[in-house]
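Be aware that the sequence shown starts at 7, since it is given in my numbering, and climbs by one per residue.
First up is the structure itself, then whatever we jot down about it.
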Amino acid sequence: MYVGAAEFHGGRLVCGIKLDEKRPGTDCDGKHKGERFFRCPEGFGLYVPLEDVKRIEGEKGPEKDEDFDLEKELTHLIGMEEVKDLLRGLERSVEVQKRRAEFGVKVERAMHMVFTGNPGTGKTKVARMIGRMMLNLGVLEKGHLVEVTRKDMVGPYSGETAKNTSAVVERARGGVLFVDEAYTLKHEGSSDSHGQECVDTLMKEMDNHKDLVVILAGYGKEMAGLLNVNPGIQSRFPNHFAFADYSMQEMAKIMMNEVSDKGFVLEAVLTEDRIAEILSNNTRKSEASKGNGRLCSTLVAQAVERQTDRVFKCNTMSKESLTTLTESDFLPDEIELGEKGDNGEASPVEIALGKLDSIVGMAGVKKHIKALRAQLQLNKERKEAGLGGNSDDSLHMIFTGNPGTGKTTVARIVAELLNALGVLSRGHLVEVDRAGLVAGYSGQTALKTKAVVESALGGVLFVDEAYALVQESRDSFGKEALDTLIKMVEDHRDNLVVILAGYSGEMKGMVAQNPGVRSRFPTVIDFADYSVDELMQIAAGMLKRDHFTLAADADEHLRKMFGAIVAKGGKDNGNGREARNILEAGRRRQALRLLDVEGKKTPEQLSQLCAADFTTSPDH
């Protein structure tokens, strides 16, 4: 690199680099703001005025502590007894190596590590501690932590991945490189060339630079697959740390520490045992076992929000009231099914059921959904009576029927209802089809599907035209998407409902060919096509909403058109949507018709649709 004065730039300062490989002439033609200062051969160098250069500060690490005491550091970790023992062993190993080196014995042990466990189990926290420990033991020069994932290392085209990976390693030199969800770098057996390039480059950089510690982190099963991708991975990562999920008692300790760190205090009845009991009674298994360290922070934050509302309503602003968390602040908001709110308004459950009842037709669908509500109510009452609920009941469903029969509308109501019943934490709806789950090359479909499922956690994932996921026996991408979906459905069964939707015949074929779908989606709800009377009701609702009316001749004409739609039938009928399309076309024709009417139009003329609006082409 050159930093200094340049004749071609009027003696002013420039910053430049010599290129390792040739670039097109236009990349190094010496132009600056449209004015040419110099011309250089391809591959010679690139220069810019110094004032255009932004100085990048190096990664900052922790301060060196001459009194660093690992045992003192370990007292800040809740649980993790196995991890603590491994850290002690690591410290002893470093000390022994240093003593041997004093006698000329060189037996180096790789310090690189693999962390396995669920999110929220303290992996990043321990990685930072390792950085401080290695800094104070003299193994690392800086001890800083650089956190990356696949997107920081893998580029979209060949050659870029190696550069990105090398750059990440360069940033981490002297410290710890923490690769989260490392199993996504390369899936065992896949032909992901970019991922393989990343892994191979990382191994090479680790051999070239001994002044860093690399930690690969992720779920246990997936990490085991990664270790088989490259024969050199296992030999370079001899230190394996398994991070167990926290127990309820340990989560209670974490929450108490979190409360103290935020400057709050707990009322006397909130002992460690009582908090653990509250957690056990009000935390779903899926929440407690996945991201449970983060869940502790979330629950404390929610308690603070409830306390804030409580204090504001009571209008008590003393120091004690502002800083004390009570037992009620940690209890989830209960929704009493079927009861009115404090102001006499309908409960969220009643609102959701009211939306269901307001839909035209769908008698069979409504019966299914109301039976589901009754089942969940009974499970709640059984649990409160100490009899236990039917936790193994699957709420995943299959919606069959033609387009335009209301499947998406009902799915949205199901999401609201399950949220109101306390089954789902958010109650939102995520709509997706094959294109949203299947990627263009091997190895990426699982990642894409996983991301979609994670975005739907706490709500309903609605997979439209689900039969198209696997289009033929050789469709490996589609099978990968379906397999990943089924696995994640099982992993998140307590906080996710998946609805597979599509034509009746195709969906039956999909279920018949896949035992995993058949066992996990026991509820099949068929959406029948609308009758003529139901289509007229739908049309009436649309017209009323938009302040339109039908002339006497238009009413009968519209009924005949709907009769033709119903008689036509077929999967491409889409009769609910067809009703909307017919009305929109009628309104366009009305607009063209009224253009020929001179003078100011009356309200009746502006709002009334006649038979001619449903028979004449809008282009004439």
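The C-beta atom is built at its ideal place from N, Cα and C for all residues, glycine as well.
Option in the options with minimal Cα separation from residue i
i           : options               : result
residue 141 : 67, 91 and 173        : 67
residue 309 : 319, 283, 286 and 336 : 336
residue 128 : 564, 80, 417 and 158  : 80
residue 466 : 208, 434 and 355      : 434
residue 147 : 216, 514, 126 and 603 : 216
residue 145 : 58, 118, 240 and 416  : 118
residue 617 : 566, 584 and 604      : 566
residue 513 : 489, 500, 527 and 503 : 527
residue 417 : 469, 443, 382 and 150 : 469
residue 58  : 21, 384 and 519       : 21
residue 188 : 210, 199, 154 and 605 : 154
residue 165 : 150, 151 and 207      : 207
residue 402 : 421, 316, 600 and 75  : 421
residue 564 : 574, 573 and 541      : 541
residue 143 : 97, 391 and 115       : 97
residue 424 : 438, 400 and 519      : 400
residue 456 : 366, 488 and 356      : 488
residue 232 : 191, 370, 600 and 359 : 191
Classification of residue i by the beta-carbon crowding that lies within 10 angstroms, buried from 16 upward
i           : result
residue 12  : buried
residue 277 : exposed
residue 619 : buried
residue 318 : exposed
residue 186 : buried
residue 629 : Residue coverage of the chain in this structure runs from 7 to 626, which leaves residue 629 outside it and unanswerable.
residue 596 : buried
residue 482 : exposed
residue 82  : exposed
residue 349 : The predicted model places residue 349 with a pLDDT of 49, which falls under 50 and marks its position as unreliable; any figure quoted below should be read in that light. It is exposed - the Cβ of residue 349 has fewer than 16 other Cβ atoms within 10 Å.
residue 536 : buried
residue 347 : Because residue 347 carries a pLDDT of 47, less than 50, the predicted location of this residue cannot be relied on, and the following value inherits that uncertainty. The residue in question, residue 347, is exposed, as its Cβ has fewer than 16 Cβ neighbours within 10 Å.
residue 608 : exposed
residue 23  : exposed
residue 560 : buried
residue 621 : exposed
residue 149 : buried
residue 203 : buried
residue 8   : exposed
residue 412 : buried
residue 304 : exposed
residue 523 : buried
Which residues DSSP lists as bridging residue i, in chain order
i           : result
residue 582 : In the DSSP output, where bridge partners are listed per residue, residue 582 has none listed.
residue 406 : 508 and 532
residue 246 : 120
residue 614 : 555
residue 55  : 20
residue 689 : Absent from the model: residue 689. The displayed extent of the chain is 7 to 626, so no value can be given.
residue 183 : 152 and 220
residue 437 : 468
residue 331 : 272
residue 503 : 466
Cβ distance (whole Å) where residue i is taken to contact residue j below 8 Å
i           : j           : result
residue 258 : residue 285 : 6 Å
residue 182 : residue 136 : 6 Å
residue 256 : residue 419 : Not a contact, Cβ separation roughly 39 Å.
residue 252 : residue 298 : 5 Å
residue 405 : residue 474 : Incorrect: roughly 15 Å between the Cβ atoms, too far for contact.
residue 614 : residue 557 : 6 Å
residue 3   : residue 544 : Only positions 7 to 626 of the chain appear in this structure, which leaves residue 3 out of reach.
residue 273 : residue 330 : 6 Å
residue 201 : residue 160 : 6 Å
residue 226 : residue 122 : 4 Å
residue 407 : residue 510 : 6 Å
residue 471 : residue 440 : 7 Å
residue 152 : residue 184 : 7 Å
residue 571 : residue 590 : So it is not a contact: roughly 15 Å between Cβ atoms.
residue 76  : residue 139 : 6 Å
Cβ of residue i within 8 Å of any chain B Cβ
i           : result
residue 401 : Within the model displayed, chain B is absent; a lone protein chain is all it includes.
message = Contact between the segment 219-231 and the segment 260-277 is defined here as three or more beta-carbon pairs at a separation below 8 Å; is this criterion met?
response = no
inquiry  = I want to know whether the segment 460-472 touches the segment 494-505 - three or more CB-CB distances under 8 Å.
reply    = yes
key: Any 3 or more C-beta pairs closer than 8 Å across the segment 549-566 and the segment 427-435   = no
query = Would you call the segment 241-261 and the segment 160-179 touching, i.e. three or more CB-CB distances under 8 Å?
reply = no
message = Does the segment 84-101 come into contact with the segment 127-135, if we say contact requires no fewer than three beta-carbon pairs (one atom in each stretch) closer than 8 Å?
response = Judged by Cβ distances under 8 Å, the segment 84-101 makes contact with the segment 127-135, as three or more pairs qualify.
task = Flag this pair as touching only if the segment 526-538 and the segment 357-374 have three or more C-beta atom pairs under 8 Å; answer yes or no.
result = yes
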